[in-house]
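Notes follow once the structure below has been shown.
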Amino acid sequence: MTLSRIAPYLQATPLTLILAAFLVLPIATIVMVSFWDYDSIQIFPAFVFTNYEETITSPVTWNTYLNTLKFTVIVWAVTLLVGFWVAYYLTFHIRSATMQMVLFLVCTIPFLTSNIIRMISWIPFLGRNGLLNQTLMNMGLIDQPLEFLLFSDFAVVLAMVHLYTLFMVTPIFNTLMRIDRALIEAARDAGANGWQILLNVIIPLAKPGIAIGSIFVVTLVMGDFITVRFMSGGQSASVGLMMANQIALLQYPAAAANAVILLVIVLLLVGAILRIVNIRKEL
Numbered sequence: 061m062t063l064s065r066i067a068p069y070l071q072a073t074p075l076t077l078i079l080a081a082f083l084v085l086p087i088a089t090i091v092m093v094s095f096w097d098y099d100s101i102q103i104f105p106a107f108v109f110t111n112y113e114e115t116i117t118s119p120v121t122w123n124t125y126l127n128t129l130k131f132t133v134i135v136w137a138v139t140l141l142v143g144f145w146v147a148y149y150l151t152f153h154i155r156s157a158t159m160q161m162v163l164f165l166v167c168t169i170p171f172l173t174s175n176i177i178r179m180i181s182w183i184p185f186l187g188r189n190g191l192l193n194q195t196l197m198n199m200g201l202i203d204q205p206l207e208f209l210l211f212s213d214f215a216v217v218l219a220m221v222h223l224y225t226l227f228m229v230t231p232i233f234n235t236l237m238r239i240d241r242a243l244i245e246a247a248r249d250a251g252a253n254g255w256q257i258l259l260n261v262i263i264p265l266a267k268p269g270i271a272i273g274s275i276f277v278v279t280l281v282m283g284d285f286i287t288v289r290f291m292s293g294g295q296s297a298s299v300g301l302m303m304a305n306q307i308a309l310l311q312y313p314a315a316a317a318n319a320v321i322l323l324v325i326v327l328l329l330v331g332a333i334l335r336i337v338n339i340r341k342e343l
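Note that the numbering used here numbers the sequence shown so that position 205 is 265, with each residue one more than the last.
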C-alpha cells in the first residue's frame with residue numbers, strides 16, 4: 061500500500077483515538093454497567109435485565125420521563141420563539157454590522173458567569189418576599205405574594221429558558237445573516253407583505269439554524285438536573301435528577317440503565333429533527 065493511500069487513514073487516526081477514548085469507551089462502559097446487579101452496599105458484575113425491567117415497568121419512572129419531556133417541549137417552544145425574534149431583530153433591524161456584533165456579544169454577557177449563579181439569582185427575585193412580589197404588592201396589583209413564582213414548574217421553565225435561549229439565538233442568527241437580501245427584495249417587488257416574506261422566505265431559509273438550535277436545547281434540557289433540583293424545591297423531577305439521586309445512593313447500575321434509555325430517547329429526538337430539516341447547509 062502506497063503512502064498516498066494510507067495518508068488519509070493516518071490523518072484520521074488521532075481523531076479516531078480521541079473519540080474512542082472519550083466517547084465510545086465511556087458509553088460502552090455505561091452500557092456494560094447497566095446490566096450489572098447491585099444491593100445496598102455494592103455492585104456485582106453480571107448480566108441481568110433487572111435494571112431495565114424496573115425502569116420500564118415503574119409508573120414513577122414513566123412519570124419522570126414524561127415530566128422531562130414536558131419540560132423539553134415547553135422550553136424548546138419558548139426558546140425558539142424568543143431566540144428567533146432576537147436573531148431576526150439583530151439581522152434585519154440593525155443595519156450596522158458593528159452594532160449587530162456588539163448587541164450579539166451583549167447577549168453573551170450572562171455566559172461569563174456560571175449556570176448555577178445565573179440560576180440562583182432568580183431565587184431572590186421570584187421568592188415569596190422577593191423583588192417581583194414586593195413590587196406587585198406595592199403597586200396594588202396583588203394582595204398577597206404569588207406562590208407559583210418559585211419552587212414550581214414555572215420557576216424551572218423560566219430558569220431553563222434563561223440558561224438556554226442563547227443556544228437557540230446563535231445558530232438562527234448565523235443562518236439569517238447568510239440569507240441573500242436580494243431574495244427578500246424580490247419577494248417585496250412581487251407584492252409580498254412583511255408576514256408573507258417571513259413565512260415563505262425567511263423561516264424556510266432559517267430551518268437549518270432552527271434545527272441546530274433545537275438539537276442544542278433538547279439535549280441540554282433532557283440531561284439537566286441541577287436546575288430542576290434548585291428551582292423546583294424538590295417538588296418536581298427529571299430523568300437527570302433521578303439518575304443523580306441513584307448515584308448518590310450508590311445504585312450505579314440503575315443509573316446506567318436510565319442513562320442508556322435517556323441516550324436512546326435523545327438520539328431518536330435528534331434523528332427526528334435531522335429527518336425534518338437538512339442541516340448540511342450550515343456545516
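Don't be surprised by glycine CBs; every beta carbon is placed ideally from N, CA and C. Only a predicted model underlies this, so the values are computations on that prediction, with no experimental measurement involved.
- Item | Buried versus exposed call for V146 [16 or more other C-beta atoms within 10 Å across all chains shown] | The residue in question, V146, is buried, as its Cβ has 16 or more Cβ neighbours within 10 Å.
- Closest by CA to A316, which one among I244, P264, S94 and T195? For the options I244, P264, S94 and T195, the alpha carbon positioned closest to that of A316 is the one of S94.
- Item | Extent of the continuous alpha helix (DSSP H) run through H222 | In the DSSP assignment, H222 falls within the alpha helix (DSSP H) that extends over D213 to M237.
- Query: For I263 versus T115, is the C-beta spacing smaller than 8 Å?
  - Reply: Going by C-beta atoms, I263 is not nearer than 8 Å to T115.
- Given that a residue counts as buried once 16 or more other Cβ atoms are within 10 Å of its Cβ, and exposed if not, what is F109? Answer is exposed; the Cβ neighbour count stays below 16.
- Message: Let me check one thing: in DSSP terms, what residues is F104 bridge-paired to?
- Response: Beta bridge pairing from DSSP links F104 with D97.
- Message: Which same chain residues end up closer than 8 Å to Y98 when comparing Cβ atoms and leaving out the 5 residues on each side of it in sequence?
- Response: Closer than 8 Å at Cβ, skipping near neighbours: F104, L310, Q311, Y312, P313 and A314.
- Message: With three or more C-beta pairs closer than 8 Å as the rule, is the segment 285 to 303 touching the segment 263 to 275?
- Response: No contact exists between the segment 263 to 275 and the segment 285 to 303.
- Message: Excluding the 5 residues flanking L150 on each side, which residues of the same chain have their C-beta closer than 7 Å to its C-beta?
- Response: Its chain contains Q160, L163, F164 and F233 as the residues whose beta carbon lies nearer than 7 Å to that of L150, once the 5 sequence neighbours on both sides are disregarded; these appear in chain order.
- Item | Span separating the alpha-carbon of S100 from that of V120 | One alpha carbon belongs to S100, the other to V120, and they sit about 20 Å apart.
- I169 - DSSP class collapsed to helix/strand/coil: In this structure, DSSP gives I169 a helical state, which the three-state scheme calls helix.
- Query: Should N123 go down as buried or exposed, given a rule of 16 or more other Cβ atoms within 10 Å for buried?
  - Reply: Exposed.
- Message: Below 8 Å on the Cβ atoms is my contact criterion, and I expect V166 with V221 to pass it. Report the Cβ-Cβ distance as a whole number of Å.
- Response: Not confirmed; about 18 Å, so no contact.
- Locate the alpha helix (DSSP H) running through W145, then write down its first and last residues. Counting along the chain, the alpha helix (DSSP H) containing W145 begins and ends at P119 to F152.
- In whole angstroms, what separates the C-alpha of F82 from that of S181? Roughly 34 Å separates the two Cα atoms.
- For S174, which option in I286, L327 and A308 has the closest C-alpha, if you only look at C-alpha atoms? Comparing alpha carbon positions, the residue from I286, L327 and A308 closest to S174 is I286.
- Nearest neighbour of P86, chosen from N338, L323, R335 and I336 [CA to CA]: Nearest of N338, L323, R335 and I336 to P86, Cα basis: L323.
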